[in-house]
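Numbering (UniProt numbering), first residue to last: 1 to 242.
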Amino acid sequence: MAPGGFYLACLLLGCLGFLCVLFTTYWVQHWRGGFAWDDGLHMFNWHPVLMVSGMVVLYGAASLVYRLPQAWLGPRLPWKALHAALHLVAFVFAVVGLVAVFRYHSHSKVAHLYSLHSWLGLAAVILFACQWFLGFAVFLLPWAPLWLRSLLKPLHVFFGAAILALSMASVISGINEKLFFSLKNTTAPYQSLPSEAIFANSTGLLVVAFGMLVLYVLLASPWKRPEPGALADTQPLLCERE
Numbered sequence: 001m002a003p004g005g006f007y008l009a010c011l012l013l014g015c016l017g018f019l020c021v022l023f024t025t026y027w028v029q030h031w032r033g034g035f036a037w038d039d040g041l042h043m044f045n046w047h048p049v050l051m052v053s054g055m056v057v058l059y060g061a062a063s064l065v066y067r068l069p070q071a072w073l074g075p076r077l078p079w080k081a082l083h084a085a086l087h088l089v090a091f092v093f094a095v096v097g098l099v100a101v102f103r104y105h106s107h108s109k110v111a112h113l114y115s116l117h118s119w120l121g122l123a124a125v126i127l128f129a130c131q132w133f134l135g136f137a138v139f140l141l142p143w144a145p146l147w148l149r150s151l152l153k154p155l156h157v158f159f160g161a162a163i164l165a166l167s168m169a170s171v172i173s174g175i176n177e178k179l180f181f182s183l184k185n186t187t188a189p190y191q192s193l194p195s196e197a198i199f200a201n202s203t204g205l206l207v208v209a210f211g212m213l214v215l216y217v218l219l220a221s222p223w224k225r226p227e228p229g230a231l232a233d234t235q236p237l238l239c240e241r242e
């Protein structure tokens, strides 16, 4: 079974993910006026919460499904379905978050897609959609031959990590952009580092910490699913221990 360090990392990821969502929600609730669905400024506040919840936290959790030792034994279909379902929920969150910001921009006569933040975010969501549909068609449905799955698996893993990295970059740039605009003409501008800026910057650091730990567990840790041969050799022993 996986070492205790894996479960410690999972506990830390759970805490970091919860704090990412909690801090983002508190930021927009306390300093930005809360939430509404009326095309106004408070509708925009759904955007950061949904994007952090979907494109970072849920996406990261879904990416690590196959690192769970419970997924190494028995049929893989339920774990594939869970992997796909969590990613689908994350994608729905992202789409609703995009609807919120586009409707706010249209209502307020603000230009669409002019900033680097918007380019990074849209690229992440588009790649995410392509990744999900390709994964559903090739890895979840039974029609794809083994050679095609073997060919696409490294690309699937790479783009999974790349999308998370893009999402993190988009969140960080979005926090900076929101603070610059919101504090620009106030008595406490961003460069004076008011309490809102400290809190929002800390939220960005939490997002980075969560994303980096997900990437470590996904790509660099020793906690990867054993090869089929090795798994077959250890399965009886694991069953005896259970």
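Just so you know, even glycine gets a beta-carbon here, dropped at the ideal spot from N, CA and C. Predicted model only: the values in this text are computed from it and were never measured.
query: Backbone CA spacing between Tyr26 and Phe35 [nearest angstrom]; result: 11 Å
query: Buried versus exposed, by CB contacts within 10 Å (16 or more), Tyr59; result: buried
query: Unbroken stretches of the beta strand (DSSP E), 3 residues or longer, contained in the segment 85-115; result: none
query: Inter-stretch contact at 8 Å, needing at least 3 Cβ pairs: the segment 94-108 / the segment 43-62; result: yes
query: Extent of the continuous alpha helix (DSSP H) run through Thr203; result: Ser195 to Leu215
query: Residue from Ala200, Phe133 and Gly135 whose Cα sits closest to the Cα of Leu179; result: Ala200
query: Contacting residues, own chain, Cβ-Cβ under 6 Å from Ile175 (five flanking each side not counted); result: Ala200 and Gly204
query: 6 Å CB neighbourhood of His112 in its chain, flanking five on each side removed; result: His105
query: Given Leu152 as reference, the closest of Pro189, Phe91 and Gln131 once Cα atoms are compared; result: Gln131
query: Nearest-angstrom Cβ-Cβ length linking residue 253 and Val171, presumed shorter than 8 Å; result: Absent from the model: residue 253. The displayed extent of the chain is 1 to 242, so no value can be given.
query: Leu183 - DSSP class collapsed to helix/strand/coil; result: coil
query: Where Trp143 sits in the DSSP three-state scheme; result: coil
query: Proximal residues to Arg149 (C-beta, below 7 Å), its chain only, five neighbours per side dropped; result: Val138 and Phe139
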